[in-house]
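At position 48 of the sequence shown the residue is numbered 87 (the working numbering), and the sequence of numbers has no breaks.
Worksheet: the structure to be examined is printed underneath.
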Amino acid sequence: MHCFPFDPKCLNNLMKLNQELQKQNYNVKIVLSSTWRLNQIDTEIVNSRLAEYGMRIFANTIYLNSADRGLEIKNFLENEKYGKINKFLILDDEVEDIEKEFEEIHIIHTDFNTGFDNEKLQEAIKKGKKQ
């Protein structure tokens, strides 16, 4: 189980991004690809914190034994169950495997220490509008 706290500023920024993209008529869905998805209790913790900001997890990516989250995210996006998805953002502090699979326009490289701060929020809004 994780013990990292959720920074309210980062959650508030995620809520702002969600609201801004919805204003642009995006059908925003949150898909969890971090290790928080691997344990039901952890996933419930994430959902609980998101709910405080009016958000929830739509789905989790499937864990592949390769431990390559770029491939896991690609697998999710190509799953016919969810329809064609071509407008998306990936917010993560570890993007090496993700950069192999996706163009920069889809990636918001956050910092482990500062998270999804105001600078990254503005970057995400700009990239979201360009898609």
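A virtual CB, placed ideally from N, CA and C, is assigned to each residue, including glycine.
Note that the structure is predicted; figures quoted are calculated from it, not measured.
Within the stretch 91 to 128, the beta strand (DSSP E) runs of at least 3 residues that lie entirely inside it are, in chain order, 96 to 99.
DSSP places Ile144 outside any alpha helix (DSSP H), giving it a letter other than H or E.
Taking C-beta atoms as the reference points, Phe97 and Lys55 fail to come closer than 8 angstroms.
Looking at the backbone, the Cα of Asn86 and that of Asn57 are separated by about 15 angstroms. Contact check for Phe141 and Ile129: beta-carbon distance about 7 angstroms, within the 8 angstroms limit, so the pair qualifies.
Spatial neighbours of Met94 in its own chain (CB-CB distance under 8 angstroms, excluding positions within 5 residues in sequence) are listed in chain order as Leu53, Met54, Asn57, Ile69. Nearest to Asp107 by alpha-carbon distance, out of Asn99, Asp136, Gln79, is Asp136. For Asp136, the three-state secondary structure derived from DSSP is helix. Look at Asp81 here: in three-state DSSP terms it is helix.
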